[in-house]
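**Student:** Take a look at the following structure, please.
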Amino acid sequence: MVTTTGKERHKVDEHRARPSRRLIGTGFLILGIALAVMAARSRFVIVTVTGESMAPTFRRGDRVIVRRVRPSVLRPGQVVVFQRQGPGGHWGTAPLSTRAAARQPWYIKRIAAVAADPVPDLVAATVGESFVPEGKLVVLGDSDQSSDSRSWGFVPADRVLGIVVRRLRPRQ
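Here UniProt numbering is used: position 141 in the sequence shown is 141, and no number is missing along the way.
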């Protein structure tokens with residue numbers, strides 16, 4: 001029979017508690033990583049370019065990382081991905097989930113003007129206005145053959161999925 005003193009018992013109890021503290025710490029680490037991944041997935045979307053309207057900047061098959069943003073942060077010069085018009089030129093509702101966003105067809109264009117900016121000469125005849133209205137954008141493709149605001153006028157800013165932050169992998 002072995003007897004232990006109070007000090008020895010305390011050391012034994014402390015030793016037994018260590019694995020559970022490590023386990024709790026590991027659990028919090030895993031939880032933190034999972035939350036960070038979920039936050040990134042809701043903020044970033046990968047979109048595949050399907051046309052040549054942004055050539056030579058982006059070409060068919062390029063995959064781009066798009067960061068979701070509020071319309072208030074959009075500026076001329078940014079390349080954006082936005083919802084395509086539906087039948088009859090109607091703008092539907094933008095998908096909220098990342099999974100739905102990845103499956104939807106999108107346009108990719110460069111912002112030429114935002115609300116209160118003068119309408120670029122290339123688009124003026126199409127829209128018949130001198131300044132971009134509140135909540136609207138003028139977008140142009142980098143290619144001269146692009147279908148863009150020269151064809152369909154203003155784009156609602158709230159239909160923008162986000163701004164392109166980079167090409168996912170370089171072209172071969």
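Virtual Cβ for every residue (Gly too), placed ideally from N, Cα, C. Quick caveat, the model's predicted, so the values are computed rather than measured.
Using 7 Å as the threshold, is the C-beta distance between residue 167 and residue 64 below it?
**Tutor:** Against a cut-off of 7 Å, the Cβ pair of residue 64 and residue 167 comes out as a contact.
**Student:** Report the rounded CA-to-CA distance for residue 118 versus residue 140, giving the unit in angstroms.
**Tutor:** Going from the Cα of residue 118 to the Cα of residue 140 covers about 15 Å.
**Student:** Are the beta-carbon atoms of residue 52 and residue 149 separated by less than 7 Å?
**Tutor:** Not in contact: residue 52 and residue 149 (Cβ atoms no closer than 7 Å).
**Student:** For residue 44, which of 69, 56, 26, 111 has the nearest alpha-carbon?
**Tutor:** For the residues 69, 56, 26, 111, the minimum Cα distance to residue 44 belongs to 69.
**Student:** Run the CB neighbour count on residue 162, radius 10 Å, all protein chains shown included, and call it buried at 16 or more, exposed below.
**Tutor:** Buried, since its Cβ has 16 or more Cβ neighbours within 10 Å.
**Student:** In this structure, does DSSP put residue 28 in helix, strand or coil?
**Tutor:** If DSSP states are grouped into helix, strand and coil, residue 28 belongs with the helices.
**Student:** Which residues share a DSSP beta bridge with residue 175?
**Tutor:** The question about residue 175 has no answer, for the chain in this structure spans 1 to 172.
**Student:** In the DSSP assignment, the beta strand (DSSP E) including residue 113 goes from what residue to what residue?
**Tutor:** Counting along the chain, the beta strand (DSSP E) containing residue 113 begins and ends at 106-113.
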